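>
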Amino acid sequence: MAPVPVPGWRRALRPAVPGLALGAGWGLAVLLLPAGQPATAWAAEGAASAPASIAPATAEELAELAARRLLVPVEGVAPAALRDTFKEARDAGARPHDAIDIPAPHGTPVLAVEDGQLVKLFTSVPGGLTVYQFDPSGRWAYYYAHLDRYAEGIREGMALQRGQVIGFVGSTGNASPDAPHLHFAIFRLRPEQQWWRGEAVNPYPVLTPGPGRP
Ligand SMILES: [Zn+2]
């Protein structure tokens, strides 16, 4: 999660060496993509698109998600221990976080927050080892990043059960080795249900205690 001061390089290269700037810009753009966002996949898909936009969840959506009583996706972490890091800036303010970070020791089991389908196992420069899960309705995606490794037997297309171990906390991608954590995001999928595209909603109010949730 350490800020990477590469945007300056891009600006410096662009006017001086236009041909180089394109290539360098593309390579750096991959490096600059936010940790743990579907934007990482956009790069892999070859689209130079902007990162996922934030579209605040409506009250109805929040109520719906809260009613699912999603598990905190890191074993042994209580909802009350979570911190809302959704709006924190990353890369020196270059982008919003759009997720929450859940610190835990290396190797702590990462759990599926609810039933659903494991749609994609993806490795990206910023996110490291990641898992994309769709919820049972196919309208939401859950994203788990910086995994140290996947759980044995995990494969794309498989059904996941709430609480199933999908991997282990680590610091792959751009996470600091000194601060292993799970980067967890919830995305509202588009009708096309593309795993790499969606609008981030804040997982914090969904995972934390509230009215009707002890
Ligand atoms: Zn994060």
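Residues in the sequence shown are numbered from 1318 upward in steps of one, following my numbering. Each residue gets a CB set at the ideal place from its N, CA and C atoms; glycine is no exception. Computed from a predicted structure; not experimentally measured.
1) For K1437, which residues does DSSP report across the bridge?
2) From the DSSP output, in three-state form, read off P1522 for me.
3) Run through DSSP, which three-state label would A1458 get?
4) Should the region 1439 to 1451 be called in touch with the region 1387 to 1394, which here means at least 3 C-beta pairs below 8 Å?
5) Going by DSSP, what residue range makes up the beta strand (DSSP E) through L1428?
6) Starting from L1382, trace the alpha helix (DSSP H) in both directions and tell me its first and last residue.
7) Report yes if the CB atom of G1490 is closer than 8 Å to the CB atom of P1443, and no otherwise.
8) Around the Cβ of E1509, are there at least 16 other Cβ atoms within 10 angstroms (buried) or fewer (exposed)?
9) Evaluate A1398 with the Cβ neighbour count: other Cβ atoms within 10 Å of its Cβ, from every protein chain shown; 16 or more gives buried, anything less gives exposed.
10) Based on the DSSP secondary-structure assignment, which residues constitute the bridge partners of A1406?
11) Are G1455 and L1379 close, meaning C-beta to C-beta below 8 Å?
12) Hey, quick one: how far does the beta strand (DSSP E) through G1487 stretch, first residue to last?
13) In whole angstroms, give me the CA-to-CA distance for D1495 and A1376.
14) Quick one: any contact between the region 1422 to 1440 and the region 1476 to 1486, if contact means 3 or more CB pairs under 8 Å?
15) Confirm the yes/no value for this check: CB of D1418, any heavy atom of ligand 1, distance under 7 Å.
16) Look up I1496 in the DSSP assignment and say whether it is helix, strand or coil.
Let me spell this out:
1) Y1449
2) helix
3) strand
4) no
5) 1426 to 1428
6) 1376 to 1384
7) yes
8) exposed
9) exposed
10) P1413
11) no
12) Taken as a continuous stretch (DSSP letters only), G1487 belongs to no beta strand (DSSP E), as it is neither H nor E.
13) 37 Å
14) yes
15) yes
16) Per the sequence presented here, residue 1496 reads as Ala, with Ile not at that position. Reduced to three states, the DSSP call for A1496 is coil.
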